[in-house]
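S.K.: Take the sequence shown: its letters are residues 3 to 83, numbered as in the numbering used here. Glycine residues also receive a C-beta, built at the ideal position from the N, C-alpha and C atoms.
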Amino acid sequence: MELIKNNTRALLLVALVMMSTTLLSCHAGSTKPIPLNLCVRLASCEKGHESEEACRNHCSFFEFKKSHCEPVNGGSCCCSN
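1. Using alpha carbons as the reference points, say which of Val19, Cys47 and Met21 lies closest to Asn75.
2. Between Ser53 and Cys71, is the Cβ-Cβ spacing less than 8 Å?
3. In the DSSP assignment, what are the bridge partners of Cys71?
4. Go through its chain and collect everything with a Cβ distance to Ala1's Cβ below 7 Å, but skip five positions before and after it.
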């Protein structure tokens with residue numbers, strides 16, 4: 003009985019590894035980047051588009067020209083890739 007449990011666990015592990023490598027290779031083969039948008043509250047964005055420079059500096063790991071301020075909720079800085 004113990005041998006059957008070990009075989010079942012081994013087969014399950016192999017199946018999970020096979021599925022994950024298949025999914026990862028499909029994802030890696032995609033040519034389109036996954037769009038990522040991140041909005042954080044930034045007090046300097048209360049004025050809206052007048053404070054774009056502060057927001058763009060805050061979003062240093064995102065695409066510079068796609069980052070922008072939104073005056074909603076006390077000012078939000080939205081970073082995009």
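M.R.: Short version:
1. Cys47
2. yes
3. BP columns for Cys71 point to Cys79.
4. Absent from the model: residue 1. The displayed extent of the chain is 3 to 83, so no value can be given.
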